[in-house]
Each structure stands twice: as C-alpha cells, then as structure tokens.
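Read through the structure below, which is laid out as structure tokens, and then see the notes.
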Amino acid sequence: MQIMDDLYQNGISTILATPSGARPVWLDNKYPDVMRVDANGVRNRHGGRHNHCMSSEKYREKVRIIDRKLAETVGDHPGLIMWHVSNEFGGECFCDKCKAKFREYLRERFHNNIDELNHEWWTTFWSARYSDFEEIDPPYNNGQTAIMGLNLEWKRFTSRNYSDYLSVEIDAIREHSKNASIPITTNFMGRYYGIDYRVLAKKIDAIAWDSYPAFHNDHETYRDTMMSAAFDNAVMRGMKKDRPFLLMESAPGLVNWMPFNKLKRPGVHEQFAIQTIACGADSIQYFQMRKSRGAAEQFHGAVIDHIGTNDTRIFKEVKKTGETLRKLSEVEGSIKNNEAAIIFEWDNWWAIDGAGAFGGSTKKYDSICRDYWVKLMEFGVEADVISTEDELDRYKLIIVPMLFMLKDDIAKELTDFVEKGGTILVTYISGYVNENCLCYQGGFPGDGLKKLLGVISEEIDTLYPSDNNGIHVNYKGIDKIIEVRDYAEILRVDDAQILGRYTEDFYKDTAAITCRCHGNGKAYYQAARCSIDGLSEFIKGLLTESGIEVKDIPAGIEYHKRIGKEATYEFYLNVTSDIIELTNVEGINLMTGNRISGSINLGGREYLVLKNKL
Numbered sequence: 001m002q003i004m005d006d007l008y009q010n011g012i013s014t015i016l017a018t019p020s021g022a023r024p025v026w027l028d029n030k031y032p033d034v035m036r037v038d039a040n041g042v043r044n045r046h047g048g049r050h051n052h053c054m055s056s057e058k059y060r061e062k063v064r065i066i067d068r069k070l071a072e073t074v075g076d077h078p079g080l081i082m083w084h085v086s087n088e089f090g091g092e093c094f095c096d097k098c099k100a101k102f103r104e105y106l107r108e109r110f111h112n113n114i115d116e117l118n119h120e121w122w123t124t125f126w127s128a129r130y131s132d133f134e135e136i137d138p139p140y141n142n143g144q145t146a147i148m149g150l151n152l153e154w155k156r157f158t159s160r161n162y163s164d165y166l167s168v169e170i171d172a173i174r175e176h177s178k179n180a181s182i183p184i185t186t187n188f189m190g191r192y193y194g195i196d197y198r199v200l201a202k203k204i205d206a207i208a209w210d211s212y213p214a215f216h217n218d219h220e221t222y223r224d225t226m227m228s229a230a231f232d233n234a235v236m237r238g239m240k241k242d243r244p245f246l247l248m249e250s251a252p253g254l255v256n257w258m259p260f261n262k263l264k265r266p267g268v269h270e271q272f273a274i275q276t277i278a279c280g281a282d283s284i285q286y287f288q289m290r291k292s293r294g295a296a297e298q299f300h301g302a303v304i305d306h307i308g309t310n311d312t313r314i315f316k317e318v319k320k321t322g323e324t325l326r327k328l329s330e331v332e333g334s335i336k337n338n339e340a341a342i343i344f345e346w347d348n349w350w351a352i353d354g355a356g357a358f359g360g361s362t363k364k365y366d367s368i369c370r371d372y373w374v375k376l377m378e379f380g381v382e383a384d385v386i387s388t389e390d391e392l393d394r395y396k397l398i399i400v401p402m403l404f405m406l407k408d409d410i411a412k413e414l415t416d417f418v419e420k421g422g423t424i425l426v427t428y429i430s431g432y433v434n435e436n437c438l439c440y441q442g443g444f445p446g447d448g449l450k451k452l453l454g455v456i457s458e459e460i461d462t463l464y465p466s467d468n469n470g471i472h473v474n475y476k477g478i479d480k481i482i483e484v485r486d487y488a489e490i491l492r493v494d495d496a497q498i499l500g501r502y503t504e505d506f507y508k509d510t511a512a513i514t515c516r517c518h519g520n521g522k523a524y525y526q527a528a529r530c531s532i533d534g535l536s537e538f539i540k541g542l543l544t545e546s547g548i549e550v551k552d553i554p555a556g557i558e559y560h561k562r563i564g565k566e567a568t569y570e571f572y573l574n575v576t577s578d579i580i581e582l583t584n585v586e587g588i589n590l591m592t593g594n595r596i597s598g599s600i601n602l603g604g605r606e607y608l609v610l611k612n613k614l
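Residue 519 in our numbering is what sits at position 519 of the sequence shown, and the numbering runs on without skipping anything.
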C-alpha cells in the first residue's frame, strides 16, 4: 500500500499484477499436485515459474485467497488503474486432473457420443478406435500422438483450461474489490504458439502484450524486424478492434534469453515505441524498472542499470521516449478503421503443423500471413488480423492464406461476403479438412468453397528448395513470370477465369491463379506459394479493384493511421538508414506543432506524426 501511495503522490498510476505466476517452495512441498506433470507423465519438481497445474483445485484455492486480500486492501486505491492477472501463461499439464477435465471437454465437444468422436477422428485407422471417453488419454510423448484430431483438441482444451483458470482470478478480484469497475487484463506474447489467445481475450477488458523483437540480428534487415513487430501488434489489436491495446512489457536495451542478446542501437527504442503507438497501443511500458541483482533475469535490460544512476544512455533514451509520447497524448483512445483483413487462426496453425503432409520445414503458416500483411502495408493499407468468427461485412478485401481447416459455415460466410461485393483471395492448402481434421470429400477446397472459387485442387506438389517453377500472369496489364516456391497445387478449373499458368514441370500451362465472379464481388484463388514481392502488382490490383485507397508510400517508409473522435493521426516511420523524401503530406506535426504541406525529408530511423481534423 505504501508503495502505491508513494507512486500516486508522485503522479504515477499502478497496474497491479497478481502473484500467481510463480509459487513458493513451501506450497509445492505441502501440495505436490499444484506442480505440473510433463508429456512423459512425470511430475515436475519445484523450480522456475509459469509451471503450475491450471486444474489444481488447491492452487486455485490459494490464488483466490491472495487475490481476495489484494482486492480488499487496494481495490479502491485512487492510483490503481488496472488489474493484471498472473503473467505470460504458457505450457501444458498432463496430470490426472487435466486428463479428467480433457475427457469431460471431449464429452461436451462430441455430444457424449463416442461414435461421433471416432468418426471425426477416423480412429479405425491403425486400430485407434475408442470404446469409451474414459479410454482417451492426452497425447503423451510415449502414447497416442498419431491422431490429428486428438492432438488438435488437446491444444484447444489447454487454451480453454487457461481461460477457465483466468476466470477464477478475475472473479476473485471482482467479488472482493471495492471498485469492481477497474479493468482487468493479462499479458500475451504475440504469436505464441501454445495458446489460442482469442479464447482468453473474451475474458479480459483490454489486450496487453509483451514485445521483444530481435533487433539487429544476422538473418533479417532492420525493416523486416520492424514489420514483424508491426504484424504482431496487428494480431494483438485484432482481438479487440474497438479499443487500443497496451504494450505491457518491452526492453529499452537488451534481453537475456535470446541466443544472442544484442543491444538496441541508439534511437531504435524510440522508433519502436512510436511504431507500437502507431499500430494502436495506448502505452509503452518496461520490464524491468531496475535490474535485478541476482537470479534468472539479473542481466535482462532495465530502465535503471546496476550502476544505479539516471546518467546512462538507456535511461536518457527512455526519458526522451517518454517526453515524445507526452506530445502524442491526444492520440490516446483513437482506433483504426481498416478496410482490408487477413484471416489468421491458431487452431488452423496447429492443424497445418499436425498434418502428415506438405513440407516438414516449409509450412510457415504464421510467416505467410505476416508476408501478405506486410505487402499490403507497402501500399499504405493496414489490414485487421481476424478469425473466421469475426464479422466480415465491414471489409472490402479479405485475404485467406492457407485456411487448411475450414470450419462449418465459413464457406457460406465467405460466399455471402463476395455476393455482397467483397473481394477475397484464397491461397493453396485451403479447405482440406473440417474443424476436427477430417478430410473433405469431393475435392479441395471443401464444404462449398470450391463452388465459390470455381476450382478443384486435385493434387499438390511439394517443392525442394532447389526446384524451379513459375507462374506466368497475364491480367489487367500484368505480364510477368512470378517465382513459385515450396507448394504448387494442380487445379481443375470448373467455372473460373485463368489469370496465371505454371511455366514448368508436367503441369506446365495449367491454371495457377484464377478468378470467379459471384454476385457483386470476386473470388480469387492462388494455387501456389509465390514470391511475395512477385505478387506486388497483383495485390495492388486487388486493392484498387476493391475500392481501397492505395497510397504512394516510398520504399523504406512504414505508414499507419489512427482515427480519433475529432482528428486523424498519420504515422510515417523511416525504417532504413537513408534519407527518404515524403511527398504530398499534409497536417500538423505533433512533434513541433508546425503545419506541413508538400514534401519533407525523413532521416534514417526518423518518424513523422501528422494530425488532420475530421
């Protein structure tokens, strides 16, 4: 309480985290079932953090007690602006309690009908048929891991078990806090593979996440690192599009857990912070304020180093960043109104990776979604990252990369979207299986999507890195050959216009890119993975055809836009080390208060924020 009082008296608000991310030794020794069991069926010993069993009633009981005491003590503190539940959820538990909950989850999921489960999981293959739900184990490393449906449902269950646990803490805070209106969040980790964050997002009031890009690495450019960070922001923001998100953690200097812990170069943190705000955040926060003297993260970056002064480069950069953010205070609360979207789903990602098909190292689902998002950004178009559960009608263009798992009614929703005038681009490896990883029959993509697209994918060729193929595109002024990599589907065209044909192999001259008109819109199909840069003109054409404004953004400039109640805010970031000229820009420079009209030069890693009244 005294710490919060001191902070408040000095103009500093508090986001208070519950301490459930790590357990004391005595708790593990007294109640061993709070510790997880690993995928080999072995219970953990005490150590580390983020490794408690989410199903443990004893752990939930103890957490409720401490959350209640916190809520009763500081729940109405004037400096408390948000609750933060636990920290960075992740991992799995294979204990008997989790196994029992998993079986109950499956009973509900398959309507207490074991025959339905057996059919959807196709368990007659390899004699895997179950006679009762009580026979079903989680996918232990030394057990059944060959059923795609089982592996997928285990991951779905794990996400829902985290969500259930999250509710325990939220309910305890709400019940015992004197001010139950204070919002509650937890911190996500971008494209973390192990949890479907959309399940948890439904329980919290605001999205918050921890961003630690690997700046200055040896395998990508600075621009590439920045664009990946921007895409991660879009994934996070897309879970609550009607409000800003929070950057809960970042490192002003370095981290201590990457293979190589590179320092952020001077000026990089400030531009990273501006980018995060440009992407829709309303906060830039740090882990940690002061470096720990010992233990696991003693060398993790912090605002105050072990030297203990405010006279360090890092401290001065953080101070300068804060001063800059103060000039952007009116941006707070503004949102985005994007006209394009990209579908990205965690369980589709798991399903693709779990499929015994395609290339072992070339599936890259999340990276492919990112590549399309980045390509749209090059034309000044920021896309929402959505799921198939989101409303589609608000968009003009939807890109659907590798929607391997086509859930019930999604083909109908996409068809309705196109019929009303929307444009979709669906790619290879789409519509192969249903939500239980059971293959569709009658040709891919299944469940009505092939009718919308007017094509059937009869075969798919997985390419070695040394293989060569291309697509000759001849459409609306485009006459070029685009490089093909990794995957090439062989199509049967039933009712679509052929826009591009393969240039090599036994399927040379067959269809590779098609378009079918439906109602007032168009449905495009891209049957092969192409060089994303090779697709530039084609994607630009889709934007123009969809009625989405294409901006003339110079190479090396990252552009974002936020919309407030009275003004718009445009962000231009130079993510190169060169001077770049911006032309035809207009607005009030929020850094200086001066009006800009016409052209301006941005130096390397500089940025510009322009305000225009609505």
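Heads up, the beta-carbon is just placed ideally off N, CA and C, and yes, glycines get one too. Owing to the predicted nature of the structure, the values given are computational and were not obtained by experimental measurement.
- Taken atom to atom, the span from the alpha-carbon of I410 to that of T388 is near 7 Å.
- Measuring C-alpha to C-alpha distances from Q144 to each of R156, F157, Y130 identifies Y130 as the nearest.
- With distances taken between CA atoms, Y607 lies nearest to T321 out of G431, C530, T321.
- Scanning its chain for C-beta atoms nearer than 8 Å, with the 5 sequence neighbours on each side dropped, one finds around G380 the residues E549, V550, K551, D552, I553, Y559, in chain order.
- Unbroken beta strand (DSSP E) runs of no fewer than 3 residues, entirely contained in the segment 246-286, are found at 281-284, following chain order.
- For a cut-off of 8 Å, the C-beta gap from F94 to G41 is around 6 Å, short enough to register as a contact.
- If only complete runs of 3 or more residues are kept, the segment 413-452 shows the beta strand (DSSP E) at 423-427, in order along the chain.
- Cβ neighbours of E537 within its own chain (closer than 7 Å, five residues either side excluded): I478.
- Taking one beta carbon from each stretch, the segment 227-235 and the segment 358-377 have 3 or more pairs nearer than 8 Å; the two touch.
- For the pair A172 and D67, the CB atoms are nearer than the 7 Å cut-off.
- For S457, the enclosing beta strand (DSSP E) starts and ends at 455-462.
- Within a 10 Å sphere around the beta-carbon of S546 sit 16 or more other beta-carbons, which makes this residue buried.
- Contact check for R485 and S531: beta-carbon distance about 7 Å, within the 8 Å limit, so the pair qualifies.
- Distances from the alpha-carbon of D461 to those of Y487, I147, N337 put Y487 closest.
- When rounded, the separation of the alpha-carbon atoms in E153 and L106 is 8 Å.
- Following the DSSP letters along the chain, one finds H119 in no beta strand (DSSP E) but inside the alpha helix (DSSP H) bounded by residues 114-121.
- Taking the Cα positions, R103 is about 20 Å away from G194.
- Membership of G322 in the alpha helix (DSSP H) is indicated by the continuous run 313-327.
- Within the model, the alpha-carbon separation for L117 versus I147 is close to 12 Å.
- Cβ neighbours of V25 within its own chain (closer than 6 Å, five residues either side excluded): H46.
- Excluding residues up to 5 positions away in sequence, R501 lie with their Cβ nearer than 6 Å to the Cβ of D509 in the same chain.
- Comparing alpha-carbon positions, the option among H269, I368, A39 lying closest to R605 turns out to be H269.
- Beta-carbon to beta-carbon, D384 and K241 are separated by about 6 Å, close enough to satisfy the 8 Å threshold.
- Membership of S599 in the beta strand (DSSP E) is indicated by the continuous run 595-602.
- Nearest C-alpha to L414 among Y464, I343, A527, E382: I343.
- Spanning the alpha carbons of F444 and E339 requires a straight line of approximately 28 Å.
- For the pair M248 and A208, the CB atoms are nearer than the 7 Å cut-off.
- Per DSSP, reduced to three states, the secondary structure at G470 is strand.
- Contact check for Y524 and C517: beta-carbon distance about 11 Å, past the 8 Å limit, so the pair fails to qualify.
- Judged by DSSP secondary structure, I173 falls within the alpha helix (DSSP H) whose first and last residues are 148-176.
- The C-beta of M1 has fewer than 16 other C-beta atoms within 10 Å across all chains shown, which makes the residue exposed.
- The beta carbon of K420 is closer than 8 Å to those of D393, G519, N520, G521 in its chain, skipping five residues each way along the sequence.
- Of the candidates M289, I284, L543, P183, the residue whose Cα lies closest to the Cα of W83 is P183.
- A buried status is given to M35, since no fewer than 16 other beta-carbon atoms sit within 10 Å of its beta-carbon.
- The residue from N179, T592, H176 with its alpha-carbon nearest to that of E323 is T592.
- Of the candidates V400, Y428, T427, V400 places its Cα closest to the Cα of F417.
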